[in-house]
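Below: one structure, written as structure tokens.
What follows is the structure, given as structure tokens:
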């Protein structure tokens, strides 16, 4: 058996049965081996950033890694921004990067480059497979590392793929994380019962029902504020689940959220820092005097530790506060971020997966959907825009029986728009809503902070109106049907139709260029 | 003066007056400073790969660097593939990457990453500016390094931009390269006069009129074969200029071109190796017994060394063999790679700049244009597809009085299609021809070599017909008018109209999916 066969068989033996691909000649034997292992589903992307972002969306929803298949250093480069986001989301991904044959690498052929150096930037683990006899074991290590939460990059030289002498490895088991959090729970309980204003900042794996329920019990019992990290990888929310307040993206607002907190308990979350630095503004968001406690040494323990903490503070088992069911009315009149949010809140279907990269245009959607039927919310974990459409694509591959709603800013959409073609090719059930304000509106806001003119070269860098992008044409050009709407009524109608029909669809919602 | 102002003023004082941008918050003070330095022309791209590829096209044609403006590590990642191509082209680029404020970097905010590690992959020089007092000197070094031929990456922390205390630097001069090539010329002359079959392999800066003329004199006087590297950064060609035979991309053909060569003289070119490795096929293309001579230690000396070599072998001053003027007739009938090549040969205007990323579809174009009026040919130097459209964009910015013809494969087009929007926004004179065979045809060829089925999952990875891409819709969606053609006559008509009208235009040419 050649190396490529052994690799693919090892992957599928361990549940890694989906591969987001954009291969080239150096990956040809891997591609050819797909014919012999039908258990592996290859999903072709027209651009590597789509493949890596889709692997992120898939991993967040499937709870297990997908593989990628990228073409040497430049392919990895094209996929790097969304691997950065996946790193921040701690999404399991087996990131396979083809390379030249081992003996060809020293010749510095045109496509040669330092793949390891680039891969380190986004990977918790990087290994170049040295021969067909090791590739099965290499794949096992990659799967294990990915399952620990992050990108494991396996570099696959062409000759390792094509040479015989490889063996697939059977199922591997991941070591169970064993670590004591008793002391941390005691300290956190003491902090929360100190009488000082306190907050829980919850992130990562604590944002599913079990963790949220425990966190809500704690907040209700102690009066602590319940906060969620700014950009959660996957937040379960909606009617019946405890609601958490997300820490704001804009530093001024986040500082206001934190200003009274004297005791801060982190649960699978990092100490909050501002997204960007600003002149004469603190980078750390918690007050200087705030005491910070880290509840768990490993995110895998977050839910158990939260339950132990809830018990330690004497919270009743049924003490969580679920969000009540509530939907806004369908909006009428002008189309703007408020009426769009209202429409989405009115129509969001049960079990929806929301991939949110709407930026300023989506500011009101979270509020309008807090009482909608239960759903998952996936966000821009690493701040590298161009994530929303690929993540929606991968989530739809992972969960074919759920509707995916992609809330997408116009500027962000243009980084990885090729996602639509994969959605059409795979008949994925994704409705994309373009919040089309024809500007990098969030950057206009940042520009106004530094006091620049609104009519010069500077402001022109954030103007997307010249020429306007026609997202209906762009979507149709990639095989996805689409419509443009300019009133709340038309938006409601288009959204409702799309939610009731399977398959990909895009709604280009024209809204004013202002917050 | 703040750091951003000083940086921009230093750039424009040294002729770096064009900046291809896709900025974000960490670059906001650079953006704001654009209002105060109108000599700097910012050209906005919707995706960083367009910005870096445009800087490559600009540098190749302008003969001086453009700057880029990228947003932290993910922005650099998105631009990495085309910086890889620029590295292989040895194009001068001042690659400016914004970063978090120096004191913010240790906090590991969501967008933080190892920018230096990634930049090294593509840069001949990398420096992080440490403060406003050094940024002027840093810019001078970056410009010097870029002018030596390659990507110089200057990392610009946000606080270095916004802090006062910076000074711009005035004009800098680049050291003249002084190195002796006398011994190398003697050895090469001896090799060429040895009576053994010989070849000159010419690349880099030797592919302009002066170098080509000297190379042709040598070939005519000695009988040496005159070869050109496979993917030249910029090749001057057409009627009146000596023609060179490009080394083939497919290794079998390249080996055939080299098989009789016993003496090989490299002129600003590397020893030829196959683009990819294949089982049981040599990676080195020259026969094992071939003696290889390197004519120049530095590309800047290539033309002078070639002239010295021409004199040393006794070639008459007027001994070059210019290509005769010749154009094919306008084709009629079926549209296919042959008739498309014929049409382009019949119509290519004088002074055109051809950005060639047509892959298999463009196989016949070079032959059909060898006797066309004089023009420049820009190719895929690093093999990272998605270069053709950005390079065309940047070339058009550099040479507003020349027509740019972008020969573009459908698959390659989809990596950096956002180029069209920049072409529309800047009213650039680019005609894009999509060689639309609805396949990664070159990969189908490679797949057939490894013996895979033509109807399985493997072959499906290279099929772009499901759904077909509608490039007319895609172009119009970005503000560029377009038409679809399916006959030779319609192609001739559309091409002729487009060549006679200024501004961007796209022709979607539907051709059969076979070589």
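Chains as they are written, first to last, in my numbering: chain A, 7 to 521; chain B, 7 to 521.
Each residue gets a CB set at the ideal place from its N, CA and C atoms; glycine is no exception.
Fully contained in the region 11-61 of chain A are the following alpha helix (DSSP H) runs of length 4 or more, in chain order: 34-39. Of all alpha-carbon atoms in 499(B), 203(B), 138(B), 428(B), the one lying nearest the alpha-carbon of residue 515(B) is that of 499(B). Distances from the alpha-carbon of residue 87(B) to those of 78(B), 114(B), 56(B) put 56(B) closest. Just so you know, the alpha carbons of residue 475(A) and residue 76(A) end up roughly 29 Å apart. By the rule that beta-carbons nearer than 8 Å mark a contact, residue 166(A) does not touch chain B. Closest in alpha carbon position to residue 137(A), among 266(A), 215(A), 173(A), is 173(A). Taken atom to atom, the span from the alpha-carbon of residue 139(A) to that of residue 132(A) is near 18 Å.
In this structure, DSSP gives residue 295(B) a state outside helix and strand, which the three-state scheme calls coil.
Only residues of its own chain outside the window of five on either side were considered, and among them 248, 326 have a CB closer than 7 Å to the CB of residue 219(B), listed in chain order.
Looking at the DSSP output, residue 8(B) shares a beta bridge with 170(B). At least one CB atom of chain B sits nearer than 8 Å to the CB of residue 476(A).
Short of 7 Å from the beta carbon of residue 128(B), and not among the five residues preceding or following it, lie these beta carbons of its own chain, in chain order: 86, 89, 90, 93, 157. CA-CA distance, residue 457(B) to residue 381(A), rounds to 46 Å. If you look at residue 76(B), you'll find it in the beta strand (DSSP E) that goes 72-77.
In the three-state reduction of the DSSP assignment, residue 393(B) falls in the coil class, being assigned neither a helical nor a strand state. Looking at the DSSP output, residue 511(A) sits in a beta bridge with 437(A). Taking C-beta separations shorter than 6 Å and ignoring five residues to either side along the sequence, residue 113(A) has no partners in its chain. Relative to residue 239(A), the option among 362(A), 479(A), 144(A) whose CA is nearest is 362(A).
By the neighbour-count criterion, in which 16 or more other beta carbons inside 10 Å mark a residue as buried, residue 409(B) falls on the buried side.
Distance between residue 182(A) and residue 386(A), taken at the CA atoms: about 29 Å.
Residue pairing from DSSP places residue 234(A) in a beta bridge opposite 208(A), 252(A).
Here residue 443(B) carries a coil assignment [DSSP, helix/strand/coil].
In the displayed model, residue 343(A) falls within a helix according to three-state DSSP. Shown here, residue 271(B) sits in a strand according to DSSP, grouped into three states. Secondary structure note for residue 460(B): it is in no beta strand (DSSP E), with a DSSP letter that is neither H nor E. Here the C-alpha atom of residue 12(A) lies approximately 8 Å from the C-alpha atom of residue 175(A). One Cα belongs to residue 419(B), the other to residue 364(B), and the distance between them is close to 9 Å. Annotation for residue 169(B): 8, 9, 137, 138 place their beta carbon closer than 8 Å to its own, counting only its chain and skipping 5 residues before and after. Within the region 430-445 of chain B, the residues whose Cβ lies closer than 8 Å to any Cβ of chain A are, in chain order, 430, 431.
According to the DSSP assignment, residue 202(A) belongs to no beta strand (DSSP E), since it is labelled neither H nor E. Any Cβ of chain B closer than 8 Å to the Cβ of residue 50(A) would place that residue at the interface, and such an atom is present. Per DSSP, reduced to three states, the secondary structure at residue 127(B) is coil, with no helix or strand assignment.
Contacts with chain B (Cβ-Cβ distance below 9 Å) from the region 379-412 of chain A involve 386, 387, 388, 389, 390, 391, 392, listed in chain order. With a threshold of 8 Å between beta carbons, residue 473(A) makes contact with chain B. Residue pairing from DSSP places residue 363(B) in a beta bridge opposite 414(B). By the CB criterion at 8 Å, residue 253(A) and residue 278(A) fall inside the cutoff.
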